[in-house]
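Asker:
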Amino acid sequence: MTRLPVPDRTRALARRRHPVARVLGLLGLVLAWEGVTRTGWVPPLFLPSPLGVLAAGAEMLTTGELAVHIATSLRRIVLGFGLGALGGVSVGLAVGVFSLAEAIGNPLIAATFPIPKIALLPLLILWLGIGEASKVAVIMLGVFFPMAINTYTGVRHADPLLIRAAVSFGAGRWSVIRKVMLPSALPMIFAGLKLGAGTSLLLLVAAEMIAANSGIGFLILNAQNLMETTKLMVGIVLLSLLGLASHWLLVRLERAALPWRAEA
Amino acid sequence: MRVLLDDVTKTYADRSGHAVEALAGVSVTAEDEELLAIVGPSGCGKSTLLNMVAGLLAPSGGSIAFEGELPAGRPPTAMVFQEFALFPWRTVQTNVELGLEERGLPAAERREVARRVIELTGLGGFETKYPHQLSGGMRQRVGIARALAVEPAVLLMDEPFSALDAQTRQLMQEELLAIWERTRQTILYVTHNIHEAVWMADRVVVLSRRPGRVLEIVPVKLPRPRTEAMLGEPGFVQAVERIWTLIKSQAREALREGAA
Chain A
1 MTRLPVPDRT RALARRRHPV ARVLGLLGLV LAWEGVTRTG WVPPLFLPSP LGVLAAGAEM
61 LTTGELAVHI ATSLRRIVLG FGLGALGGVS VGLAVGVFSL AEAIGNPLIA ATFPIPKIAL
121 LPLLILWLGI GEASKVAVIM LGVFFPMAIN TYTGVRHADP LLIRAAVSFG AGRWSVIRKV
181 MLPSALPMIF AGLKLGAGTS LLLLVAAEMI AANSGIGFLI LNAQNLMETT KLMVGIVLLS
241 LLGLASHWLL VRLERAALPW RAEA
Chain E
1 MRVLLDDVTK TYADRSGHAV EALAGVSVTA EDEELLAIVG PSGCGKSTLL NMVAGLLAPS
61 GGSIAFEGEL PAGRPPTAMV FQEFALFPWR TVQTNVELGL EERGLPAAER REVARRVIEL
121 TGLGGFETKY PHQLSGGMRQ RVGIARALAV EPAVLLMDEP FSALDAQTRQ LMQEELLAIW
181 ERTRQTILYV THNIHEAVWM ADRVVVLSRR PGRVLEIVPV KLPRPRTEAM LGEPGFVQAV
241 ERIWTLIKSQ AREALREGAA
């Protein structure tokens, strides 16, 4: 009699983490970049070296030039993102909860949502002036829509069984909104926030390139005009860091706000 | 508290707009401190009946009323749901406090009541867990604790243990009876499990398939407290056989029609 051992058929499907490869990939890119610039094949005007970018960044930091741009951009994005998120969640909740608000709001949102928000900037400048208000407003609009749509979807997908359970224990309309619909929508709201963070960064840079005399977008465009490619790269690296930081912050916030999901 | 169902009917429109008669002239009275089971084939409207007693559905005809003294601050009914219906974002403790919040109890009192009920239902030590961290049996304990916390005059249970495995179900039935020996409210207990109905109830209401009407009310002649040994006694076996005889042909027809 022969014995047939049972093989583990799922072994080919196993996914490993490859911690070394994670670091090597990023490091390799920077090293290759540095290497290419050192050979002199590519003139620094087109591709400055990473070390050069780092040095330029440090210098701009000490002269205070960088701080001005960062502060201006941060103020615009925080204001626009905050106002847009607040407005979007409020409208999304209202449209999700009240049938009248849904009847009025849904077609309005459907009609205005597809407009690329940057196309509204000239109009916003006409209305609000070339100053801060128009830039904040365009970011606000960009964040408002994903937030409103996600909140609405989240509210509408609240489990009817939980609503029934709440009502059976005496919950009124306000209680149902606060205790069932809002918590049900939270995961979708956070997905909207992450989406909105990316959109607001995009709109910030676009608005600052079109009409501004400070901010990271301005820094990049201005550096290109002056052929200061190193400074231009500083701006790009800064944007990447800003995107990473906002995502990290939102993930942290989400874990704190949704403890029942974090452990799932 | 007595529950009086008088000639209750329920008709609703299905997706294509046709009128569907779910219940036709159901008249039953649940006595004070009675554990009344309601059984019937799938789609007999037994859950509909319970939802109407809970005030979650309006009857199309007839009347539903309570009779008896309702102490101040206590609701007439509280419901235990088949799918538990716990709030995933609330811990065991705050899930149990839900009904107390809606009744406007101050936080300290809520905690005290919840602590007592959590102890009673064997949830001690699990206060800070979320529902997804609990087994099915523990989740339904939370569902029961949440209902008991508001001290309802009538406890409504909609197939409370049918989502649990057979062993857990048997244990939970025993525990529920033990709790009920102490709290003694009227219980309306909907189930499709005939053994469960007979073993737990004082009387078993047998409903026909749609439109549901009362086929017979079968009394269970077994003493309390109920023990597992009674599962073999003539009183138990005869009641089960009587109910199965009533339901069998109904269930077979339902199966043939593919009705859910």
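Sequence lines, in order, name chains A and E. Under this note's numbering, the first residue of the first sequence carries the number 1, and numbering increases by one thereafter. Under this note's numbering, the first residue of the second sequence carries the number 1, and numbering increases by one thereafter. All C-beta atoms in this analysis are idealised placements derived from N, C-alpha and C, irrespective of residue type, glycine included. Nothing here was measured: the structure is a model prediction, and the numbers come from that model.
DSSP on Lys231 (chain A), reduced to helix/strand/coil?
Answerer: helix
Asker: With a Cβ-Cβ cutoff of 9 Å, do Leu4 (chain E) and Leu188 (chain E) count as a contact?
Answerer: no
Asker: Between which two residues does the alpha helix (DSSP H) harbouring Phe66 (chain E) extend?
Answerer: Careful: Phe66 (chain E) lies outside any alpha helix (DSSP H), inside the beta strand (DSSP E) at 61–67.
Asker: Does the beta carbon of Ala256 (chain A) come closer than 9 Å to any beta carbon on chain E?
Answerer: No - not a single Cβ of chain E is within 9 Å of the one on Ala256 (chain A).
Asker: Using a cut-off of 8 Å between C-beta atoms, extract the partners of Leu161 (chain A) located in chain E.
Answerer: Phe81, Glu83, Ala85
Asker: What does the Cβ neighbour count give for Gly64 (chain A), buried or exposed, with the cut at 16 atoms within 10 Å?
Answerer: exposed
Asker: Determine the DSSP secondary structure at Ser168 (chain A), reduced to helix, strand or coil.
Answerer: helix
Asker: Among all the DSSP beta bridges, which residues are the ones paired with Ile187 (chain E)?
Answerer: E:Leu35, E:Leu155
Asker: To be precise: take each residue of the segment 53–79 of chain E, compare its Cβ to all Cβ atoms of chain A, and keep it if any distance is under 9 Å. Which residues remain?
Answerer: Ala54, Gly55, Leu56, Pro75, Thr77, Ala78, Met79
Asker: Taking the C-alpha atoms as reference points, what is the distance between Phe126 (chain E) and Val92 (chain E)?
Answerer: Cα to Cα, Phe126 (chain E) sits roughly 7 Å from Val92 (chain E).
Asker: Can you name the start and end residues of the beta strand (DSSP E) that Thr29 (chain E) belongs to?
Answerer: 19–30 is the extent of the beta strand (DSSP E) around Thr29 (chain E).
Asker: Considering only the beta carbon of each residue, do Gly217 (chain A) and Met140 (chain A) sit closer than 9 Å?
Answerer: no
Asker: Go ahead and pull the three-state DSSP assignment for Ala264 (chain A).
Answerer: The predicted model places Ala264 (chain A) with a pLDDT of 46, which falls under 50 and marks its position as unreliable, so this point remains unresolved.
Asker: For Gln133 (chain E) and Leu186 (chain A), I'd like the C-alpha separation in whole angstroms.
Answerer: The straight-line gap from Cα to Cα measures roughly 20 Å.
Asker: For Arg146 (chain E), tell me which candidate among E:Leu57, E:Arg209, E:Leu100, E:Arg210 has the shortest Cα-Cα distance.
Answerer: E:Leu100
Asker: Drop a sphere of 10 angstroms on the beta-carbon of Ile115 (chain A), count the other beta-carbons inside from all chains shown, and report buried for 16 or more, exposed for fewer.
Answerer: exposed
Asker: Give me whichever residues DSSP pairs with Thr112 (chain A) in a beta bridge.
Answerer: Its beta-bridge partners do not exist; DSSP assigns none.
Asker: Which residues in the same chain as Ala260 (chain E) place their Cβ atom closer than 7 Å to its Cβ, once the five residues preceding and following it in sequence are excluded?
Answerer: Interpretation of Ala260 (chain E) is limited by its pLDDT of 48, a score under 50 that renders its predicted location unreliable; no figure is taken from the coordinates.
Asker: Would you kindly report the start and end of the unbroken alpha helix (DSSP H) that includes Ala55 (chain A)?
Answerer: 50–63
Asker: Tell me Tyr12 (chain E)'s beta-bridge partners as DSSP assigns them.
Answerer: E:Val20
Asker: Is it the case that the Cβ atoms of Gly68 (chain E) and His192 (chain E) are separated by a distance below 9 Å?
Answerer: no
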